[in-house]
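Contents: one structure, followed by commentary.
Residue numbers (the working numbering): 1 to 156.
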């Protein structure tokens with residue numbers, strides 16, 4: 001009886017040992033077979049320590065560089081400018097807010113909002129409508145610049 005009962009235990013121990021060896025071999029082979037991500041994939045969704053897509057962030061900052069910045073939050077992807085008046089038209093001023101919503105370089109990862117005011121005299125400013133095409137144009141400029149930055153990173 002002892003011989004019969006010890007045989008299943010030996011068989012079980014041998015099977016468990018084999019299973020552990022196979023698992024260890026597969027784990028080590030799996031580590032050897034891993035390939036680095038292609039450079040193009042890294043560039044497509046380049047996220048740095050800032051927390052948002054680096055191309056969209058840099059393109060937004062470059063696009064709005066002529067305006068005074070009021071707030072920047074690279075972790076949250078928010079850029080808010082202060083009021084800016086074009087020297088050629090000092091009776092009108094604009095304020096822009098850019099929000100980067102995703103870590104990928106996509107058109108829907110970018111939101112731009114703007115406010116416009118006109119001077120009515122005596123230093124008083126009143127809200128004025130802003131054309132949707134103006135917002136769309138600003139988004140297009142930022143996205144185009146971000147794609148150019150990405151292309152140059154892939155090529156370089």
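Glycine residues also receive a C-beta, built at the ideal position from the N, C-alpha and C atoms.
(request) Report the option in 138, 113, 96, 155 whose CA atom is closest to the CA atom of residue 84. (result) In the chain shown, residue 84 corresponds to position 84, counting from 1. Taking only the C-alpha atoms, the option nearest residue 84 is 96.
* What is the rounded straight-line gap between the Cα of residue 104 and the Cα of residue 121? -> Translated into the one-based positions of the chain shown, residue 104 becomes position 104. Translated into the one-based positions of the chain shown, residue 121 becomes position 121. Near 45 Å, if we compare the C-alpha coordinates of residue 121 and residue 104.
For residue 130 and residue 116, I'd like the C-alpha separation in whole angstroms. Looking up residue 130 in the chain shown gives position 130. Looking up residue 116 in the chain shown gives position 116. Residue 130 and residue 116: Cα-Cα distance of roughly 6 Å.
Q: Leaving aside the five residues before and after residue 60 along the sequence, list all residues of the same chain whose C-beta is less than 6 Å from its C-beta, in chain order.
A: Residue mapping note: residue 60 aligns to position 60 of the chain shown, counting from 1. Result list for residue 60: 79, 98, 142, in chain order.
Check: In terms of alpha-carbon separation, which member of 76, 82, 140 lies closest to residue 106?
Finding: As a position in the chain shown, residue 106 is number 106, starting the count at 1. Of the candidates 76, 82, 140, the one whose C-alpha sits nearest the C-alpha of residue 106 is 140.
Q: Could you check what DSSP says for residue 102 in three-state terms: helix, strand or coil?
A: Along the chain shown, read from residue 1 onward, the residue named residue 102 stands at position 102. In the structure shown, residue 102 sits in coil (DSSP, three-state: anything other than H, G, I, E or B).
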